[in-house]
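To convert, take the position in the sequence shown, counting from 1, and add 27; that gives the working numbering. One structure below.
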Amino acid sequence: TDTPDKAKALADSVLNIIKDGGDFVALAKQYSADDSNKDKGGELDKFTEGQMVQEFSDTCFYGNTGDIKLVETQFGFHIIEITYQSEKTQKVKIATIGRNITSSGKTKREYFNQANVFAAENEDVTKFQESIEKQKIIKKTSTGLSPATDVIAGLDVAQQVLKWVFDEKTELGNVSQVLTCGEGSDRYVIAVVTSINEEGVAPVKQVKDQITTILIKEKKGEKLAKELKEALSGGKDFDAIANEIAGKSKEGKNIAFSSSMIPGVGLELAVIANATKLEKDKVSEPIIGENGVFLVKVTSITNPEVTDDTDVSQDKMNLIRTNKFRAEREAFDALKKAGKIKDQRYKFFKE
Numbered sequence: 028t029d030t031p032d033k034a035k036a037l038a039d040s041v042l043n044i045i046k047d048g049g050d051f052v053a054l055a056k057q058y059s060a061d062d063s064n065k066d067k068g069g070e071l072d073k074f075t076e077g078q079m080v081q082e083f084s085d086t087c088f089y090g091n092t093g094d095i096k097l098v099e100t101q102f103g104f105h106i107i108e109i110t111y112q113s114e115k116t117q118k119v120k121i122a123t124i125g126r127n128i129t130s131s132g133k134t135k136r137e138y139f140n141q142a143n144v145f146a147a148e149n150e151d152v153t154k155f156q157e158s159i160e161k162q163k164i165i166k167k168t169s170t171g172l173s174p175a176t177d178v179i180a181g182l183d184v185a186q187q188v189l190k191w192v193f194d195e196k197t198e199l200g201n202v203s204q205v206l207t208c209g210e211g212s213d214r215y216v217i218a219v220v221t222s223i224n225e226e227g228v229a230p231v232k233q234v235k236d237q238i239t240t241i242l243i244k245e246k247k248g249e250k251l252a253k254e255l256k257e258a259l260s261g262g263k264d265f266d267a268i269a270n271e272i273a274g275k276s277k278e279g280k281n282i283a284f285s286s287s288m289i290p291g292v293g294l295e296l297a298v299i300a301n302a303t304k305l306e307k308d309k310v311s312e313p314i315i316g317e318n319g320v321f322l323v324k325v326t327s328i329t330n331p332e333v334t335d336d337t338d339v340s341q342d343k344m345n346l347i348r349t350n351k352f353r354a355e356r357e358a359f360d361a362l363k364k365a366g367k368i369k370d371q372r373y374k375f376f377k378e
């Protein structure tokens, strides 16, 4: 309590008294400096290995029930009597040493030379593709790149690639020289431009697959909606239609107009909007959604409690902030469009 030597001398004395049959509880209440358990005679609750400081923990977990030991920690001297231990289990402590594997200068030069040869021998997209297939090289494709693109999947640093792609001299079918992915990188890229989307309305050939997907989805939606409508007009109830077509119905709880997702279904704004205006126990008309065609039946409605003293000041502030940000962004976009400003910052920042 005063100095380490005095504390050690007192602890040794108390330990000897306990070993000679002294009352541990009474001695703890008289001499312990730990106010958290002093009044309980020093008793601690059960604890797991690692909860206490190392020396204290090791004494408890590597000793045996009934042991009485003195141990020093950063907090002082402790007289410990082990009164209970759970069944011991085998545990393993391991240490690991990690060392990064990096390519040597010789390896980098070898692969750079291989890339250089490939680029020199394949100067157009046709040769490029033929060599890829012949050498069984796995190519990676990136779509939708724009001057504002910062990252290409799979590349740590893509600035050189993007700068080459959007260079005024780069044309459709061009193959690049060897490009690096940042200083000290061990990745080399040979890029080829396989398509260019010009500004304006896209040609049908370019968006054919997208249009086909949209049209198929629309036609399927119309067909399924018609089948559901016929089932409703034929007098079948909601559950009968659900069992006949879907096998069962799904329940969505706590759906509000502000919701965007239906649990187990996904993003279905049209379904949510229709559900929130339906009367209880009414069945909706077929709704063509994002992931399917839906019939909705409202089974219960919970009306919110609205009182005159409800504080909506924070909600108002949040709405003002949101709309302010949106207004500023849209105003900026409108000015940029009206002024016919082109964003060409990539020319300066993709160095």
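A virtual CB, placed ideally from N, CA and C, is assigned to each residue, including glycine.
Check                                                                                                                        : Outcome
Segment limits, alpha helix (DSSP H) that includes residue 45                                                                : 31–46
Nearest-angstrom Cβ-Cβ length linking residue 105 and residue 74, presumed shorter than 8 Å                                  : Between residue 74 and residue 105 the Cβ distance is about 14 Å, and since that is not below 8 Å, they are no contact.
3-residue-minimum beta strand (DSSP E) runs that sit fully inside the region 96–135, ordered along the chain                 : 103–108
Local conformation of residue 395 per DSSP, three classes                                                                    : Look at the range of the chain in this structure, 28 to 378, and you will see that residue 395 is not part of it.
Beta-carbon spacing of residue 200, residue 152 below 9 Å                                                                    : yes
Secondary structure of residue 347, DSSP reduced to three states                                                             : helix
For residue 99, the nearest candidate out of 116, 122, 81 and 91 (CA to CA)                                                  : 81
CA nearest to the CA of residue 35, picked from 92, 88 and 97                                                                : 97
Best match in 162, 315, 256 and 327 for proximity to residue 247 [C-alpha to C-alpha]                                        : 315
Local Cβ density within 10 Å of residue 237, reported as buried at 16 or more and exposed below that                         : exposed
Where residue 162 falls, given that 16 or more other Cβ within 10 Å makes a residue buried                                   : exposed
Exposure of residue 317, with buried meaning 16 or more beta-carbon neighbours within 10 Å                                   : exposed
Assigned secondary structure, residue 71 (DSSP; H/G/I helix, E/B strand, else coil)                                          : coil
Residue 242 classed as buried or exposed, judged by whether at least 16 other C-beta atoms fall within 10 angstroms          : exposed
7 Å Cβ shell around residue 354 - same chain, five flanking residues per side excluded                                       : none
Exposure label - residue 234; buried when at least 16 CB within 10 Å                                                         : exposed
Where the alpha helix (DSSP H) containing residue 90 begins and where it ends                                                : Looking at the DSSP string, residue 90 is not in any alpha helix (DSSP H), and its letter there is neither H nor E.
For residue 207, the residue or residues it bridges with in DSSP                                                             : 215
Neighbourhood of residue 159 by C-beta distance below 7 Å, restricted to the same chain and skipping five residues each side : 166
8 Å contact criterion, which residue 307 and residue 323 should meet: CB distance rounded                                    : That pair is no contact at about 12 Å.
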